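Report on the following structure.
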Amino acid sequence: KACSVFLNRICPRDCSYCNVVDFKKEKKKLSVEQWKKAFVILEDCGVEFFLILGTEPLMIGDGLVELVKFWNSRDYEYGFYTTSPEPWFSKYKEKLKKVKIRNWSSGIDFLDEVYQSGNWSDFTRKLVEKEKDSLVRKAREGVRGMLEMQDTVKETHALITVSKMNIEMVPEMVCWFVDNIKNIHIGINFVEFSMDKEMDFGKKKWDIPEYFFTKKDLPLLKELNRELLNLPKKYRNHIQSPLSYFNKYDRILNLNHLCDLESMALGVDCDGTLRLCGYKELGQKFSVFDLENLKEREKVFKIIEEKHKECSGCYWVYPEILSK
């Protein structure tokens with residue numbers, strides 16, 4: 001029912017927790033016409049929602065404008081994920097407005113407006129100062145993108161990836177987004193790590209240990225849960241994640257649950273290779289174009305269902321909602 005689509009594998013950012021850039025795959029990425037065919041195949045398979053990822057899809061250029069026109073012509077539901085980096089945002093924003101892109105989603109893990117106004121712990125300030133220039137630039141460009149596109153799109157969406165760097169600031173970030181950006185939905189995720197070393201949307205836990213939560217950080221997680229629950233309804237209503245999600249401390253600390261998505265999610269890489277989801281490769285070489293053949297489609301989907309049952313899962317699942 002949902003498909004994560006990596007249109008490319010390059011990005012101008014260098015976020016500490018991300019290692020999705022892949023130049024080998026980028027060299028083999030599909031053309032615009034091939035992507036159009038791929039989307040039609042996925043639609044025929046029953047996909048109802050496309051999460052358009054890059055890493056940074058704005059870097060595709062005019063091909064992206066052509067794809068937006070195509071998605072709209074077929075009335076697809078989609079989320080478009082970008083951090084609005086320069087110079088690509090300024091170059092293509094008016095073209096994307098003209099073709100009426102429907103959604104603008106940004107990953108924003110830091111807001112300088114919030115940081116400057118708060119009295120934060122030493123560990124927060126230490127982690128922020130370690131990479132403040134890149135944090136500020138990503139946040140400012142991401143926020144500007146949402147502000148400049150908010151009157152064009154049907155909805156804006158901010159994704160906060162929670163780590164030890166920003167956990168104290170998250171509730172105030174939620175309030176800032178709601179107060180300043182129209183039609184905002186706010187996803188709150190936790191920084192990923194790979195239990196089985198197979199995920200490629202997050203660095204290994206031991207690469208940047210200061211970012212990840214351990215048992216000694218349980219008071220921080222409980223305080224975040226308490227503060228989010230105590231936010232006025234005006235702000236809570238804009239949080240996409242179920243509030244019950246934030247008290248699953250064992251899951252957050254240990255990533256110790258199995259994925260419940262089964263055949264409800266899959267992914268497609270920039271070269272057309274099928275993925276298990278947006279976080280993990282399938283482990284077997286199938287192309288999206290293999291799904292044109294109904295017998296092959298049945299075979300592939302059976303493999304995907306079995307793989308989902310075996311997957312250690314991730315935080316960004318919400319099975320209690322998606323399975324209804």
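This note's numbering numbers the first residue of the sequence shown as 1 and each following residue consecutively. All C-beta atoms in this analysis are idealised placements derived from N, C-alpha and C, irrespective of residue type, glycine included. None of these values were measured; they are calculated from a predicted model.
| query | result |
| --- | --- |
| Going by DSSP in three states, K324 sits in which element: helix, strand or coil? | Its pLDDT being 39, under 50, K324 is placed unreliably in this model, and the value from its coordinates should be taken loosely. It is coil, neither helix nor strand. |
| Per the DSSP calculation, Y81 is bridged to which residue(s)? | S105 |
| Measure the C-alpha to C-alpha separation of C102 and L274 and round it to an integer number of angstroms. | Rather than Cys, the amino acid found at residue 102 in this sequence is Arg. Using only the alpha carbons, I get a separation of about 25 Å. |
| Using 10 angstroms around the beta-carbon of L127, count the other beta-carbons present and answer buried if the total reaches 16, otherwise exposed. | buried |
| Strictly by DSSP, which residues pair up with M199? | K280 |
| Is it the case that the CB of R137 approaches a heavy atom of the ligand NAD more closely than 7 Å? | With respect to the ligand NAD, the structure shown offers nothing to examine, as it has no ligands at all. |
| For R9, count neighbouring Cβ atoms within 10 angstroms of its own Cβ and tell me buried if that reaches 16, exposed if not. | buried |
| I need the DSSP call for H238, collapsed to helix, strand or coil. | coil |
| Is the separation between the beta-carbon of D271 and that of L30 shorter than 8 Å? | yes |
| May I ask you to report which of helix, strand or coil DSSP gives Y318? | Interpretation of Y318 is limited by its pLDDT of 47, a score under 50 that renders its predicted location unreliable; no figure is taken from the coordinates. |
| Please name the residue, chosen from Y92, H308, E292, I304, that lies closest to I41 on a Cα-to-Cα basis. | E292 |
| Would you call K233 buried or exposed, if buried means 16 or more other Cβ atoms sit within 10 Å of its Cβ? | exposed |
| For F190, which three-state DSSP category applies? | strand |
| Bridge partners of G267, per DSSP? | S4, R275 |
| Counting along the chain, where does the alpha helix (DSSP H) carrying V162 start and finish? | Element bounds for V162: not the alpha helix (DSSP H) but the beta strand (DSSP E), 155 to 162. |
| For I60, I'd like the list of residues in its chain whose CB is within less than 7 Å of its CB, leaving aside the five on either flank, ordered along the chain. | L7, N8 |
| Per DSSP, what kind of secondary structure is F50 in: helix, strand or coil? | strand |
| The alpha helix (DSSP H) with N119 in it runs from where to where? | No alpha helix (DSSP H) contains N119, which DSSP labels as neither H nor E. |
| Under 7 Å Cβ to Cβ from T55, same chain only, skipping five residues before and after it: list those, please. | N8, R9, I10, C11, V20, V21 |
| Given a cut-off of 8 Å, decide if G107 and T83 are closer than it, judged by their beta-carbon atoms. | yes |
| Three or more C-beta pairs closer than 8 Å, one from the stretch 138 to 148 and one from the stretch 163 to 170: is that the case here? | no |
| Out of F49, Y17, H308, F177, which one is the CA nearest neighbour of N406? | What is shown of the chain runs 1 to 324, which leaves residue 406 out entirely. |
| Just grab the DSSP bridge partners of S287 for me. | T273 |
| Going by the CB atoms, is the gap between D269 and K37 shorter than 8 Å? | no |
| What do you reckon, are the CB atoms on V162 and I186 nearer than 8 Å? | no |
| Can you check which of these residues, K222, A2, Y245, K27, is closest to E48 by C-alpha distance? | A2 |
| Per the DSSP calculation, H185 is bridged to which residue(s)? | H157 |
| Which value, in whole angstroms, describes the spacing of the CA atoms of L231 and G283? | 42 Å |
| Once DSSP output is grouped into helix, strand and coil, what is the label at K29? | coil |
| Identify the continuous alpha helix (DSSP H) that holds Y249 and give its terminal residues. | 249 to 254 |
| Under 8 Å between the Cβ atoms of D253 and T214? | The sequence shown places Leu at residue 253, rather than the Asp named in the question. Yes, Cβ-Cβ distance for L253 and T214 is below 8 Å. |
| Figure out for me which residue from V174, D290, M149 has the closest Cα to the Cα of D109. | V174 |
| For the putative contact between L159 and S105, defined by C-beta atoms under 8 Å, what is the C-beta separation to the nearest angstrom? | 7 Å |
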